[in-house]
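Below you'll find the structure, written out as structure tokens, and then a few comments.
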Amino acid sequence: MYCVYTDKTQEPKEQPMELFINNKSGAPIYDQIYNQIKQQIISGALQPDEAMPSIRGLARDLRISVITTKRAYDELEKEGFLYAVPAKGFFVAPKNTELLREENLKKIEAHLTEAVRLSVSCGLSREELREMLELLWEG
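Heads up: the sequence shown begins at -17 in the numbering used here, then just goes up one per residue.
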């Protein structure tokens, strides 16, 4: 497992970006980078228009291939989380509220799918599950 801190180039007072690469996780390295950067953007740890580390610099710091880093950045750009400026590098895209809503809906659906699966496996009725959801909703 690696813990890497990279310096950003936009402003000297910024905190370094944290990325953790786990070679034992089974997940591809580009996917680990993609998920961690995406999560930092969604959480607000990375701000809109903030400069990202260069592809080569990040690859060097993580001791991985430039191709791997580029693949993660390209995926983030394709999904609207980053944008590229020729001869300047990649930057955090302004938050797209519809995109963030869609991401959250995917997470909710995954959790609800698991809740339904568990409910069925222990014999809980649809009405009992609905009542539980209402109680949780009310706090």
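Just so you know, even glycine gets a beta-carbon here, dropped at the ideal spot from N, CA and C. As the structure is a computational prediction, the values presented were derived from the model and not from experiment.
- In this chain, the alpha helix (DSSP H) harbouring residue 114 covers 108 to 120.
- In this structure residue 37 is in contact with residue 55, their Cβ atoms being roughly 6 Å apart against a cut-off of 8 Å.
- When secondary structure is reduced to three states using DSSP, residue 100 falls in the helix class.
- Annotation: residue 54 is outside any beta strand (DSSP E); the continuous alpha helix (DSSP H) that includes it extends over 48 to 60.
- Counting along the chain, no beta strand (DSSP E) covers residue 44; the unbroken alpha helix (DSSP H) around it starts and ends at 37 to 44.
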